[in-house]
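Here the structure is laid out as structure tokens; the discussion comes afterwards.
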Amino acid sequence: MGATGCIDLMMLLHRTAHALETELTARLAEIGLTPRARCVLSAALDAELTQTEIADLVGIDKTTMVVTLDALEAAGHAERKLSPTDRRARVVAVTETGREISKKADGVYADVVESVLGSLPDDEREGMVGGLTRLVEGRLSTPVQCEKPPRKRALRQAVS
Numbered sequence: 514m515g516a517t518g519c520i521d522l523m524m525l526l527h528r529t530a531h532a533l534e535t536e537l538t539a540r541l542a543e544i545g546l547t548p549r550a551r552c553v554l555s556a557a558l559d560a561e562l563t564q565t566e567i568a569d570l571v572g573i574d575k576t577t578m579v580v581t582l583d584a585l586e587a588a589g590h591a592e593r594k595l596s597p598t599d600r601r602a603r604v605v606a607v608t609e610t611g612r613e614i615s616k617k618a619d620g621v622y623a624d625v626v627e628s629v630l631g632s633l634p635d636d637e638r639e640g641m642v643g644g645l646t647r648l649v650e651g652r653l654s655t656p657v658q659c660e661k662p663p664r665k666r667a668l669r670q671a672v673s
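Residue numbers (this note's numbering): 514 to 673.
Right, dumping it as structure tokens:
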């Protein structure tokens with residue numbers, strides 16, 4: 514296949530990401546979490562990060578982070594505490610119930626990923642994951658400037 518070929522790479526990646534996110538959303542809903550909440554909890558575990566630092570780490574905007582953290586606090590999974598190093602800042606602390614649900618969520622995530630990747634032959638699985646990793650860390654690591662960029666999705670950590 515040539516450089517441009519007859520493939521629609523964006524469509525393939527979009528459909529793959531959408532199907533994976535939908536399956537993960539359904540499975541995590543069974544334990545009362547969303548993929549975004551899983552990412553936030555995972556990033557906050559033992560990290561003493563502010564909500565802005567977590568939002569940057571997982572790739573969500575600040576408004577979405579506030580809504581997600583409000584839901585995690587309401588469920589008793591996380592809380593905002595004063596930073597031990599900066600009294601003006603608040604860090605996100607994961608509660609014991611948050612740790613338990615995070616562990617369950619990691620198991621659900623691992624099951625979904627294993628099932629999805631397990632549907633491919635070993636050589637295709639390794640090649641696909643390696644190629645996507647190289648693209649994300651290399652050629653596609655810095656988005657080009659765009660007057661109206663597409664909305665950023667919160668899947669950055671969902672793949673880890």
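Note that beta-carbon positions come from the ideal geometry of N, C-alpha and C, so glycine has one too.
Computed from a prediction, not measured in an experiment: that's the story for all the values here.
Distance, Cα to Cα, residue i vs residue j?
{"i": "A591", "j": "L533", "result": "26 Å"}
{"i": "R638", "j": "V571", "result": "24 Å"}
{"i": "S632", "j": "V626", "result": "10 Å"}
{"i": "R528", "j": "D599", "result": "43 Å"}
{"i": "L645", "j": "A602", "result": "36 Å"}
{"i": "E536", "j": "A542", "result": "10 Å"}
{"i": "A587", "j": "D635", "result": "42 Å"}
{"i": "Q658", "j": "I544", "result": "39 Å"}
{"i": "S628", "j": "L526", "result": "18 Å"}
{"i": "T547", "j": "R652", "result": "30 Å"}
{"i": "M641", "j": "R647", "result": "10 Å"}
{"i": "P662", "j": "I614", "result": "34 Å"}
{"i": "Q564", "j": "L585", "result": "12 Å"}
{"i": "A560", "j": "A530", "result": "28 Å"}
Can you tell me whether residue i is helix, strand or coil according to DSSP?
{"i": "E639", "result": "helix"}
{"i": "T610", "result": "helix"}
{"i": "T655", "result": "coil"}
{"i": "L525", "result": "helix"}
{"i": "S632", "result": "coil"}
{"i": "E660", "result": "coil"}
{"i": "L546", "result": "coil"}
{"i": "G620", "result": "helix"}
{"i": "D569", "result": "helix"}
Is residue i near residue j, with beta carbons less than 7 Å apart?
{"i": "R549", "j": "A618", "result": "no"}
{"i": "V604", "j": "S596", "result": "yes"}
{"i": "G611", "j": "L554", "result": "yes"}
{"i": "R540", "j": "V649", "result": "no"}
Following a CB-centred definition, is residue i positioned closer than 6 Å to any heavy atom of the ligand ATP?
{"i": "V605", "result": "This structure simply doesn't include the ligand ATP, nor any ligand for that matter."}
Tell me, please, which residues DSSP counts as bridged to residue i.
{"i": "K594", "result": "V604"}
{"i": "T563", "result": "V604"}
Considering only residues of the same chain and omitting the five flanking positions on each side of residue i, which have a CB-CB separation below 6 Å?
{"i": "A623", "result": "none"}
{"i": "A568", "result": "K575 and M578"}
{"i": "A556", "result": "I567, L570 and V571"}
Residues in the same chain with beta-carbon distance under 8 Å from residue i, minus the five sequence neighbours each way, listed in chain order, please.
{"i": "L522", "result": "none"}
{"i": "R593", "result": "Q564, L582, E586, R603, V604, V605 and A606"}
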